[in-house]
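Undergrad: Here it is, the structure, as structure tokens.
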Amino acid sequence: MQHDFSKLRKFLVPEFVFGEGALHLASKYVKRFQASKIFLVTDKGIADAGWLKILEENIKSANLDYVIFDKITPNPKDNEVMKGAEILKYEKCDIVLALGGGSPMDCAKAISITSTNNVNVTEFEGIDEVKLPG
Numbered sequence: 012m013q014h015d016f017s018k019l020r021k022f023l024v025p026e027f028v029f030g031e032g033a034l035h036l037a038s039k040y041v042k043r044f045q046a047s048k049i050f051l052v053t054d055k056g057i058a059d060a061g062w063l064k065i066l067e068e069n070i071k072s073a074n075l076d077y078v079i080f081d082k083i084t085p086n087p088k089d090n091e092v093m094k095g096a097e098i099l100k101y102e103k104c105d106i107v108l109a110l111g112g113g114s115p116m117d118c119a120k121a122i123s124i125t126s127t128n129n130v131n132v133t134e135f136e137g138i139d140e141v142k143l144p145g
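Right, dumping it as structure tokens:
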């Protein structure tokens, strides 16, 4: 029996850390990747709920540098992703961390792959368009 492997795909899944106390573990995970500056993607609702403050305290206690990007809307737009990628590069961040629900996570993933591949996010429309994982 022969198998056709030409349609085989590999999908890299980002690491998700969630649950009670997860905010207090962020610096541990960042240090595991030997990152020096975090690009933190979140939204205003998360900040208003007080979760961003908890995460910031955890990051500061680990002496890690970070930049907050919270200029996203529900179902982030391509211009929001590209603005985030521009700031990430300008600030020389070397890891992307999302805090929040679907929109911050989607935006963070898009910023990461856009920055890594040096293209506009619209270039990823279709199947298997990401050459380098974020």
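Every letter in the sequence shown is one number past the one before it in the numbering used here, and letter 63, counting from 1, is 74. Beta carbons: idealized from backbone N, C-alpha and C, even for Gly.
With 16 as the cutoff for other CB atoms within 10 Å, does ASP89 come out buried or exposed?
TA: As a first step, residue 89 must be located in the sequence shown, where it is residue number 78. With fewer than 16 Cβ atoms within 10 Å of its Cβ, ASP89 is classed as exposed.
Undergrad: Taking the alpha carbon of TYR77 as the reference point, which residue from ASP54, PHE50, LEU110 has its own alpha carbon closest?
TA: Here residue 77 corresponds to residue number 66 of the sequence shown, with the count starting at 1. Of the candidates ASP54, PHE50, LEU110, the one whose C-alpha sits nearest the C-alpha of TYR77 is PHE50.
Undergrad: Cβ of ASN99 within 9 Å of Cβ of LEU63?
TA: Reading the sequence shown from its first residue, position 88 is the one you call residue 99. Reading the sequence shown from its first residue, position 52 is the one you call residue 63. Checking the sequence shown, residue 99 turns out to be Leu, not Asn. Not closer than 9 Å, so no.
Undergrad: Let me see if you follow: with CB-CB separation under 9 Å, is ASN90 close to chain C or not?
TA: Included in the structure is just one protein chain, with no chain C present.
Undergrad: Note down the Cα distance separating PRO115 from GLN13, rounded to an integer number of angstroms.
TA: Position 104 of the sequence shown, counting from 1, holds the residue named residue 115. Position 2 of the sequence shown, counting from 1, holds the residue named residue 13. Cα-Cα distance, rounded: 43 Å.
Undergrad: The beta strand (DSSP E) with ASP76 in it runs from where to where?
TA: Locating residue 76 in the sequence shown gives position 65, counting from the first residue. Run containing ASP76: 76-80, per the beta strand (DSSP E) assignment.
Undergrad: Using a Cβ-Cβ cut-off of 7 Å (strictly less than) and excluding sequence neighbours within five positions of PHE146, which residues of its own chain qualify?
TA: Because the chain here runs from 12 to 145, residue 146 falls outside it and cannot be looked at.
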